[in-house]
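Q:
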Amino acid sequence: MLHNIRPRAAAVVLRHENSEILLVLHRWRGSGDSWILPGGGLNPGERPEEAALRELFEETGLRGRNPRFLFEGRYSKGISSTFLVEVDPEAEAILGHDPEDVGKAHIVLQGLAWFPITDVAELPEVKRALKCLPTLLSD
């Protein structure tokens with residue numbers, strides 16, 4: 001099923017001395033809701049780090065900068081690249097939208113929240129990010 005393959009990118013955003021992480025609540029058709037990193041599919045010709053910044057803005061209203069590669073992993077439609085992204089510490093995250101939802105009854109984005117990392121450390125994406133963060137944060 002090559003027509004369903006779509007690379008994606010995600011952003012890890014931390015605050016409060018790296019003790020909290022930003023997650024978005026996605027409502028998946030037929031499989032319920034889950035808290036995940038802001039992210040989504042790459043547009044044609046877009047680099048993964050560009051997609052991570054664009055998706056972060058679309059989903060949270062936050063303008064990211066200085067994306068630093070964390071890890072790459074498989075997901076249901078291909079490969080996902082995840083980046084540590086900086087934002088203005090005074091900026092307020094607001095629930096955005098998924099452009100693919102426009103005009104549809106099913107809305108994917110349902111919420112966003114900052115979580116203490118210790119509360120969500122076992123979520124698969126967060127767990128992978130935490131393994132890579134010590135090296136990046138010490139630079």
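With the first letter of the sequence shown counted as 1, position 10 gets the number 10 in the UniProt record's numbering; the numbers rise by one all the way through. Backbone N, C-alpha and C define an ideal beta-carbon position, used for all residues, glycine too. Bear in mind that the values here come from a model prediction, so they are computed numbers and not experimental data.
Consult DSSP for P134 and reduce its assignment to one of helix, strand or coil.
A: Three-state result, P134: helix.
Q: Would you give the residue range spanned by the beta strand (DSSP E) that A113 belongs to?
A: Here the beta strand (DSSP E) through A113 covers L109 to P116.
Q: Please give the ranges of any alpha helix (DSSP H) in the region 20-72, keeping only runs that are unbroken, at least 4 residues long and fully inside the region.
A: You should have 48-60.
Q: Looking at A52 and residue 148, is the spacing between their C-beta atoms short of 8 Å?
A: Look at the range of the chain in this structure, 1 to 139, and you will see that residue 148 is not part of it.
Q: Please state the DSSP three-state secondary structure of R128.
A: Residue state, collapsed to three classes: helix.
Q: Using only the alpha-carbon positions, how far apart do R8 and F115 sit?
A: Distance between the alpha carbons of R8 and F115: 23 Å.
Q: Look at the Cβ atom of residue 212, then the Cβ atom of E86, and state whether they are nearer than 8 Å.
A: For the chain, the structure presents residues 1 to 139; residue 212 sits outside this window and is missing.
Q: Let me know the secondary structure DSSP gives V120 once reduced to three states.
A: Correct three-state label for V120: helix.
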